[in-house]
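S.K.: Handing you this structure, nothing more for now.
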Amino acid sequence: MHHPQSLYLTYLGIYSLQHRGQEGAGIFGYPDPVVIPPFFQCGAGLVSDVFSQDSLSDHSLNYAMGHVRYSTSGGKHCSLAQPIVRQPREGQYFALSHNGTIPALQERSVAGDVHTDTSRLMDHLLARYETKSPLRSFSEALKTIEGAYSLLWMTPEGLLFARDPWGFRPLVLGKKDGSPVICSETCALDIIDAEFVREIQPGESGFVSFGSREVKQSCVPVEKPLHTQPCVFELIYFARPDSNIFDWNVYEARKRLGRLLASDYQVEADLVISVPDSGVPASLGFSEASGIPWDVGIIRNHYVHRTFIEPLPGFRDLGVKVKHNPIRSMIRGKRLVVIDDSLVRSTTSKKIIGLLRHHGAKEIHLGISSPPMAWPCFYGIDTPSRQELIASNHSVEQIRSRIGADSLGYLSLETLRKSFGPNFCYACFDGRYQVAQPAIGDLLGAPV
Ligand code: AMP
Numbered sequence: 002m003h004h005p006q007s008l009y010l011t012y013l014g015i016y017s018l019q020h021r022g023q024e025g026a027g028i029f030g031y032p033d034p035v036v037i038p039p040f041f042q043c044g045a046g047l048v049s050d051v052f053s054q055d056s057l058s059d060h061s062l063n064y065a066m067g068h069v070r071y072s073t074s075g076g077k078h079c080s081l082a083q084p085i086v087r088q089p090r091e092g093q094y095f096a097l098s099h100n101g102t103i104p105a106l107q108e109r110s111v112a113g114d115v116h117t118d119t120s121r122l123m124d125h126l127l128a129r130y131e132t133k134s135p136l137r138s139f140s141e142a143l144k145t146i147e148g149a150y151s152l153l154w155m156t157p158e159g160l161l162f163a164r165d166p167w168g169f170r171p172l173v174l175g176k177k178d179g180s181p182v183i184c185s186e187t188c189a190l191d192i193i194d195a196e197f198v199r200e201i202q203p204g205e206s207g208f209v210s211f212g213s214r215e216v217k218q219s220c221v222p223v224e225k226p227l228h229t230q231p232c233v234f235e236l237i238y239f240a241r242p243d244s245n246i247f248d249w250n251v252y253e254a255r256k257r258l259g260r261l262l263a264s265d266y267q268v269e270a271d272l273v274i275s276v277p278d279s280g281v282p283a284s285l286g287f288s289e290a291s292g293i294p295w296d297v298g299i300i301r302n303h304y305v306h307r308t309f310i311e312p313l314p315g316f317r318d319l320g321v322k323v324k325h326n327p328i329r330s331m332i333r334g335k336r337l338v339v340i341d342d343s344l345v346r347s348t349t350s351k352k353i354i355g356l357l358r359h360h361g362a363k364e365i366h367l368g369i370s371s372p373p374m375a376w377p378c379f380y381g382i383d384t385p386s387r388q389e390l391i392a393s394n395h396s397v398e399q400i401r402s403r404i405g406a407d408s409l410g411y412l413s414l415e416t417l418r419k420s421f422g423p424n425f426c427y428a429c430f431d432g433r434y435q436v437a438q439p440a441i442g443d444l445l446g447a448p449v
């Protein structure tokens with residue numbers, strides 16, 4: 002963005018996007034006029050671990066970009082925090098923030114390998130970069146890349162941005178005091194009182210040069226796929242409920258998922274509760290559609306961070322109790338429907354069901370407001386390998402018995418697809434990967 006308070010505004014923006022990544026954070030930018038060296042600070046951990054009052058008040062920037070890291074490749078090495086910055090020639094800096102995954106540039110992690118698809122993307126962009134036509138060279142370079150990306154690239158000329166032609170990950174354009182702001186979700190616009198302008202379109206790339214407030218769109222045409230593929234799991238779990246992405250309000254989408262689940266999974270019960278926080282909107286929708294009353298049954302401790310000391314001897318099975326605790330009087334003697342947004346390895350549900358049973362619930366019926374997740378994601382969501390995904394090698398009945406529920410119901414893929422339409426990526430549920438890469442075949446491993 003081009004604003005005299007760019008550093009603090011960017012800090013606020015990435016603070017509001019903390020749910021998208023907790024492994025690292027960083028900000029890169031310049032004052033106006035641009036002076037070298039740029040401001041650059043990044044590190045491992047939460048935004049609040051990386052930035053202090055001093056680091057924010059000692060600098061004043063007019064142009065800035067930031068990132069919160071969520072690793073899908075390259076592991077959790079702290080030097081992988083983004084933006085990644087390169088200085089290929091004396092005094093010429095380039096900074097890249099990438100959300101998504103580019104399977105062809107992603108290699109299996111090798112111990113000690115600190116390369117990621119993002120660092121390889123930087124090499125690719127730099128090799129094709131031309132000072133005289135930054136937008137053209139950037140757009141041409143992206144034409145040969147297949148995968149999921151929403152990205153920002155700050156060059157010595159200004160800020161470039163792009164969203165892949167499938168539109169896997171969100172990217173929105175806003176305006177703050179007349180200057181463009183580009184971010185993953187609208188919650189980052191809300192925190193800085195910026196106005197929402199529109200979503201960056203799949204396949205769109207653009208440029209805002211230093212000193213200008215005008216967004217220039219690329220004139221290099223992209224080959225558009227037959228239909229776009231925004232990630233439906235952003236609506237199910239990943240994005241913040243107060244954001245609007247893919248023309249949906251995320252909270253309303255989740256509530257709708259709960260209502261749909263109630264038609265796919267009919268159960269007799271006294272009370273609907275949710276696994277907080279991500280299961281809450283779907284549980285409200287489920288209660289509304291099923292007519293079963295809703296209440297709070299489980300409280301989540303919001304202050305459990307990476308710094309939590311692992312259980313000491315004699316405190317085994319602390320696991321879920323650290324994060325979730327039931328309100329005993331609400332659940333005792335009741336037939337409960339517990340709603341969660343997704344079941345991945347099944348560890349969480351198994352522990353929560355054990356806890357509820359231990360504290361006197363009479364029956365526990367688990368409703369999942371998404372279909373069985375049987376396929377890993379190669380487009381930016383960190384899901385485990387096929388072997389670790391419980392639904393890839395267990396039937397619904399086997400999963401039910403394993404987690405100890407009285408019944409288990411998923412939202413069917415058919416219902417989900419019918420309601421949200423064909424223009425979404427459902428690969429984690431149906432294994433149909435739109436970007437066919439040899440690398441994906443390798444990564445899937447042997448069928449189970
Ligand atoms: P699991 O215990 O592996 O079955 O995980 C299920 C829980 O993790 C659910 O409560 C989800 O809200 C949450 N969840 C789903 N996908 C992810 C993800 N990619 N990263 C972190 N948590 C997730």
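If you count the sequence shown from 1, position 136 lands on 137 in our numbering, and the numbers rise without skipping. All C-beta atoms, glycine included, are put in the ideal place defined by N, C-alpha and C.
1) Between G168 and T102, how many whole angstroms is the CB-CB distance? I'm expecting something under 8 Å.
2) Just reading off the beta strand (DSSP E) that K176 is part of, what are its end residues?
3) Output needed for S291: all residues of its chain with C-beta closer than 6 Å, excluding positions within five of it in sequence on either side, in chain order.
4) Is there at least one non-hydrogen atom of ligand 1 closer than 6 Å to the beta-carbon of G382?
5) What would DSSP say about C220, mapped onto helix, strand or coil?
6) Say the cut is 6 Å; is the CB of L367 nearer than that to a heavy atom of ligand 1?
7) Taking the straight line between their C-alpha atoms, what separation do you get for D383 and L190?
8) Please work out which residues of its chain come closer than 6 Å, Cβ to Cβ, to F247, disregarding the five sequence neighbours upstream and downstream, and give them in chain order.
9) In the DSSP assignment, find the alpha helix (DSSP H) that holds Q399 and state where it starts and stops.
10) How far does the beta strand (DSSP E) with I87 in it extend, from its first residue to its last?
11) Comparing C-alpha positions only, which one of K176, W154, Y150 and S61 sits nearest to Y94?
12) Our contact map puts V397 next to L367 with C-beta atoms below 8 Å; I'd like the distance itself, whole angstroms only.
13) Shorter than 6 Å, the distance from the beta carbon of L122 to the closest heavy atom of ligand 3, or not?
14) If I'm right that S393 touches S371 with Cβ under 8 Å, what's the distance once you round it to whole angstroms?
15) Using a 10 Å radius around the Cβ and a threshold of 16 neighbouring Cβ atoms, would you call V51 buried or exposed?
16) Shortest alpha-carbon distance to T416 belongs to which of G361, N302, Q202 and F430?
17) Ligand 1 and Y411: does the residue's C-beta get closer than 6 Å to at least one heavy atom of that ligand?
18) Going by Cα to Cα distance, which pick from K419, I193 and S185 is closest to A163?
19) Ligand 1 and L357: does any heavy atom of the ligand fall closer than 6 Å to the residue's C-beta?
20) Verify the contact flag: D341, CB atom, against every heavy atom of ligand 1, threshold strictly below 6 Å.
21) So, helix, strand or coil for R214, using DSSP?
22) When we look at the beta-carbon of V305 and count the other beta-carbons within 10 Å, is it buried (16 or more) or exposed?
23) A283 to S275, Cα distance in whole Å?
24) Could you check whether V233 and F425 sit closer than 7 Å to each other, using their CB atoms as the reference points?
25) Check whether the Cβ of V345 sits closer than 6 Å to any heavy atom of ligand 1, and report yes or no.
26) Specify the secondary structure class of G334 as computed by DSSP and reduced to three states.
27) For G355, which residues in the same chain have their Cβ closer than 7 Å to its Cβ, ignoring the five residues on either side in sequence?
28) The beta strand (DSSP E) that contains C378, what's its start and end?
29) Ignoring anything shorter than 3 residues or poking outside the segment 128 to 202, list the beta strand (DSSP E) runs there in chain order.
30) Write down the C-beta distance between G361 and R329 rounded to the nearest angstrom, noting that I regard them as a contact closer than 8 Å.
31) Helix, strand or coil: which one does DSSP assign to G280?
32) Could you check if P314 is buried or exposed, using at least 16 other CB atoms within 10 Å of its CB as the buried criterion?
33) Helix, strand or coil for Q54 per DSSP?
34) Taking DSSP as the reference, what is the three-state secondary structure of E205?
35) Can you check whether the CB of G259 is closer than 7 Å to the CB of F239?
36) Please look up how many angstroms separate the CB atoms of H395 and I353, rounded, as I've assumed it's under 8 Å.
M.R.: Looking at the coordinates:
1) Here the question's residue 168 lines up with position 167 in the sequence shown. Here the question's residue 102 lines up with position 101 in the sequence shown. Taking a contact as a CB-CB distance under 8 Å, the pair G168 and T102 does not count as one, their CB atoms being some 14 Å apart.
2) Here the question's residue 176 lines up with position 175 in the sequence shown. V173 to K177 is the extent of the beta strand (DSSP E) around K176.
3) Along the sequence shown, read from residue 1 onward, the residue named residue 291 stands at position 290. A263.
4) Sequence index remark: in the sequence shown, residue 382 carries index 381 (1-based). Before going further, note that residue 382 is Ile rather than Gly in the sequence given. Checking the Cβ of I382 against ligand 1 gives yes.
5) What you label residue 220 is simply residue 219 of the sequence shown in a count that begins at 1. Looking at C220 - three-state DSSP - the assignment turns out to be coil, as it is neither helix nor strand.
6) In the sequence shown, counting from the first residue as 1, residue 367 sits at position 366. The answer is no for L367.
7) Counting from one through the sequence shown, the residue named residue 383 turns up at place 382. Counting from one through the sequence shown, the residue named residue 190 turns up at place 189. If you take the alpha carbons of D383 and L190, they lie about 25 Å apart.
8) Walking along the sequence shown from the start, residue 247 turns up at place 246. Cβ neighbours of F247 beyond the five flanking positions: P231.
9) One-based indexing of the sequence shown puts residue 399 at position 398. Boundaries of the alpha helix (DSSP H) harbouring Q399: V397 to I404, taken from the DSSP string.
10) Taking the first residue of the sequence shown as position 1, residue 87 is located at position 86. It should be pointed out that residue 87 corresponds to Arg in this sequence rather than to Ile. Following the DSSP letters along the chain, one finds R87 inside the beta strand (DSSP E) bounded by residues I85 to R90.
11) Residue numbering aside, residue 94 sits at position 93 when the sequence shown is read from its first letter. Proximity to Y94 across K176, W154, Y150 and S61 peaks at W154, based on C-alpha coordinates.
12) Here residue 397 refers to the residue found at position 396 of the sequence shown. Here residue 367 refers to the residue found at position 366 of the sequence shown. Contact doesn't hold; Cβ gap of about 11 Å is too wide.
13) No copy of ligand 3 occurs in the structure displayed; its ligands are ligand 1 alone.
14) Residue numbering aside, residue 393 sits at position 392 when the sequence shown is read from its first letter. Residue numbering aside, residue 371 sits at position 370 when the sequence shown is read from its first letter. Wrong, their Cβ atoms sit about 15 Å apart, outside the cutoff.
15) For this step, residue 51 is matched to residue 50 along the sequence shown. Result: buried.
16) Within the sequence shown, the letter at position 415 stands for residue 416. Relative to the Cα of T416, the nearest Cα in the group G361, N302, Q202 and F430 belongs to F430.
17) The residue given as residue 411 occupies position 410 in the sequence shown. In this structure, the C-beta of Y411 stays at least 6 Å away from each heavy atom of ligand 1.
18) Counted from its first residue, the sequence shown places residue 163 at position 162. Checked all of K419, I193 and S185; the closest Cα to A163 is S185.
19) If you number the sequence shown from 1, residue 357 lands on position 356. Checking every heavy atom of ligand 1 against the Cβ of L357, none is found closer than 6 Å.
20) The residue you call residue 341 lines up with position 340 of the sequence shown. Taking 6 Å as the cut-off, the C-beta of D341 counts as close to a heavy atom of ligand 1.
21) Sequence index remark: in the sequence shown, residue 214 carries index 213 (1-based). In the three-state reduction of the DSSP assignment, R214 falls in the coil class.
22) Mapped onto the sequence shown, residue 305 falls at position 304. Exposed is the call here.
23) As a working mapping, residue 283 is identified with position 282 in the sequence shown. As a working mapping, residue 275 is identified with position 274 in the sequence shown. Straight-line measurement puts the Cα of S275 at about 8 Å from the Cα of A283.
24) By 1-based counting over the sequence shown, the position of residue 425 is 424. By 1-based counting over the sequence shown, the position of residue 233 is 232. Closer than 7 Å, so yes.
25) Start at 1 with the first residue of the sequence shown, and residue 345 comes out as number 344. V345 has its CB nearer than 6 Å to a heavy atom of ligand 1.
26) The residue labelled residue 334 in the question sits at position 333 within the sequence shown. Three-state result, G334: coil.
27) Position 354 of the sequence shown, counted from the start, is the residue given in the question as residue 355. Excluding its 5 nearest sequence neighbours in each direction, G355 has C-beta neighbours in its own chain below 7 Å: G405, listed in chain order.
28) Translated into positions along the sequence shown, residue 378 becomes position 377. It is not in any beta strand (DSSP E) - C378 carries neither H nor E in the DSSP assignment.
29) Segments of the beta strand (DSSP E) lying fully in the segment 128 to 202: 149 to 156, 159 to 164, 173 to 177, 180 to 184 and 196 to 200.
30) The sequence position of residue 361 within the sequence shown is 360, counting from 1. The sequence position of residue 329 within the sequence shown is 328, counting from 1. Indeed, because the Cβ distance is near 7 Å, the residues count as touching under 8 Å.
31) If you number the sequence shown from 1, residue 280 lands on position 279. Coil at G280, not helix or strand.
32) Position 313 of the sequence shown holds residue 314. Label assigned to P314: exposed.
33) Working through the sequence shown from its first residue, we reach residue 54 at position 53. Annotated three-state conformation of Q54 is helix, per DSSP.
34) For this step, residue 205 is matched to residue 204 along the sequence shown. Three-state result, E205: coil.
35) Residue numbering aside, residue 239 sits at position 238 when the sequence shown is read from its first letter. Residue numbering aside, residue 259 sits at position 258 when the sequence shown is read from its first letter. Cβ atoms of F239 and G259: not closer than 7 Å.
36) Along the sequence shown, one-based indexing puts residue 395 at 394. Along the sequence shown, one-based indexing puts residue 353 at 352. That belief does not hold up - the Cβ atoms of H395 and I353 are roughly 18 Å apart, past 8 Å.
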